[in-house]
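Enquirer: Take the sequence shown: its position 117, counting from 1, is numbered 116 in numbering that gives the first Met the number 0, and each next residue is one higher.
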Amino acid sequence: MKRIIVSICVLLVLSTAAFAQTRSRTTRRGSQTSKTAKPESAPAVSQVKIDGATKVAEQIKNLTRFLYILGGVARGIEDVDLAAKSNQASPAALQTNEQNKAVVKTSLENVRVGLDQLEIYFRSTPELQGYYVKLVGSASGAADAEAQAAAGHFDQSGRTLITVVNRLADVLVLIK
């Protein structure tokens, strides 16, 4: 019985001590003024970098989609070309093959133009000029791929574009 009374007394004493401190203690910080002014252009530079990285990422996405499609189309073009050499291709297949070649060549031209615009954007934007050094040559790589496709080397053209994608990925890593 004594134990129960002692435990109740201890609980009462401890609970009253907890209720005794009703005011919460907080420290107020005074308004601190910065002695050195922070440049307000930091958010602008950050936004320009984000915009540049977004443009590079868009080009990577476009190129990888194009390369995926080019792989199948290039295989089909090569197969029809081989069949044409042995006079086993139908006139309809030859016509479709020529149309596919024209579409690939036009698409490669569009890729080159997009990469030219990206290089111009990086070269003309002061905050991105440091990354331009790594980016330069992407459009010329696309031009090489375009020339290879014009010569009928569609597989090699795709391999050249893979080096362009690698270059763009390197730029994207640098911008982070």
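Every residue gets a Cβ at the ideal spot worked out from N, C-alpha and C, and that includes glycine. Model, not experiment: these values are computed from the prediction.
Skipping 5 residues on each side, what residues in its chain have a beta carbon closer than 8 Å to that of Val164?
Expert: Contacts found: Ile59, Leu62, Thr63 and Leu66.
Enquirer: Within its chain, find whatever has a CB closer than 8 Å to the CB of Ile161; leave out the 5 residues flanking it on each side and keep chain order.
Expert: Taken in chain order, the residues that qualify are Leu66.
Enquirer: Return the residue from the list Glu77, Lys133, Leu167 and Arg111 that minimises the CA-CA distance to Asp143.
Expert: Asp143 has its Cα closest to that of Arg111, out of Glu77, Lys133, Leu167 and Arg111.
Enquirer: DSSP three-state call for Lys48: helix, strand or coil?
Expert: Looking at Lys48 - three-state DSSP - the assignment turns out to be helix.
Enquirer: Assuming the contact rule is C-beta atoms closer than 8 Å, Glu126 and Val47 should be a hit. Round their C-beta distance to whole Å, please.
Expert: Between Val47 and Glu126 the Cβ distance is about 4 Å, and since that is below 8 Å, they are a contact.
Enquirer: If Val170 sits next to Val44, beta carbons under 8 Å apart, how far is it from one beta carbon to the other, in whole angstroms?
Expert: About 17 Å; that fails the 8 Å criterion.
Enquirer: Can you tell me whether Thr63 is helix, strand or coil according to DSSP?
Expert: If DSSP states are grouped into helix, strand and coil, Thr63 belongs with the helices.
Enquirer: State the Cα-Cα distance for the pair Lys175 and Asp50, rounded to the nearest angstrom.
Expert: Their backbone Cα atoms lie some 11 Å apart in a straight line.
Enquirer: Here's the rule: buried if 16 or more other CB atoms are within 10 angstroms of the residue's CB, otherwise exposed. What is Ala148?
Expert: Under this definition Ala148 is a buried residue.
Enquirer: Buried or exposed for Ala73, going by 16 or more other Cβ atoms inside 10 Å?
Expert: Result: buried.
Enquirer: Going straight from the alpha carbon of Arg122 to that of Asn96, what length do you get?
Expert: Each residue's Cα considered, the two are about 39 Å apart.
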